[in-house]
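Offset between the sequence shown (1-based) and the numbering used here: plus 3. To start, the structure itself, in structure tokens.
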Amino acid sequence: MHEVAHIGVVVKDIDKSVNFYTTVLDCQREESYQDDRIRLEFIKSGQQTIELIQYKQDPAGSRGFGFVDHIAFLVQDIDREIARLQQFNVPLLFDQPKLTGNKRIMFFTGPDGERLEFVQKV
């Protein structure tokens, strides 16, 4: 089995997305890359890396298939994290966390409408 290297998410405004992931989700900037067609920001969340991608000429890229459904973040206290999201006026997709097996989950959206999830093991 191969280890996941990173998850790539196409965004409209990479600066806005970097601010969201680092400020709201407490991720850390890891590295950047830029050329005449693309700008990449690698954001670290625990042991995982999220690659934020902004295309300069074709903003959405030309892909219709293979999009990422959501990115899930493990949290210790989901209620505290939800309160933090609410402080930043982040849209929540449920009124309250849902219990799925031995996990409490909450879905919310990032600045480009990407679906994100908090997961707390109980």
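Even glycine gets a Cβ: it sits at the ideal position worked out from N, Cα and C. Only a predicted model underlies this, so the values are computations on that prediction, with no experimental measurement involved.
Nearest-angstrom Cα separation, counted from residue j out to residue i
i      : j      : result
Gln90  : Tyr24  : 15 Å
Asn22  : Val7   : 24 Å
Gln50  : Leu28  : 14 Å
Val13  : Arg42  : 10 Å
Asp98  : Arg87  : 15 Å
Gly116 : Asp16  : 12 Å
Glu33  : Ile53  : 10 Å
Pro38  : Gly11  : Note on residue identity: the sequence assigns Asp, not Pro, to residue 38. So the two alpha carbons sit approximately 17 Å from each other.
Val71  : Lys106 : 21 Å
Ala75  : Glu120 : 4 Å
Proximity below 8 Å, CB of residue i to CB of residue j
i     : j      : result
Leu77 : Val122 : yes
His73 : Phe45  : no
Arg40 : Tyr58  : yes
Gln60 : Lys47  : no
Option in the options with minimal Cα separation from residue i
i      : options                       : result
Thr103 : Thr112, Leu96, Ala86, Val125  : Val125
Asp18  : Arg118, Asp82, Phe110, Pro114 : Pro114
Val93  : Phe111, Arg118, Glu120        : Phe111
Leu96  : Ile53, Ser20, Glu34, Arg118   : Arg118
Ile85  : Asn105, Val71, Lys101         : Lys101
Per DSSP, the bridge partner or partners of residue i
i      : result
Ala75  : Glu120
Tyr58  : Ile41
Lys106 : Thr103, Lys124
Val14  : Bridge partners of Val14: none, in fact.
With a floor of 4 residues, list each alpha helix (DSSP H) that falls wholly inside the segment 27-56, ordered by position along the chain. Listed in chain order, nothing qualifies, since the segment 27-56 has no complete alpha helix (DSSP H) run of 4 or more residues.
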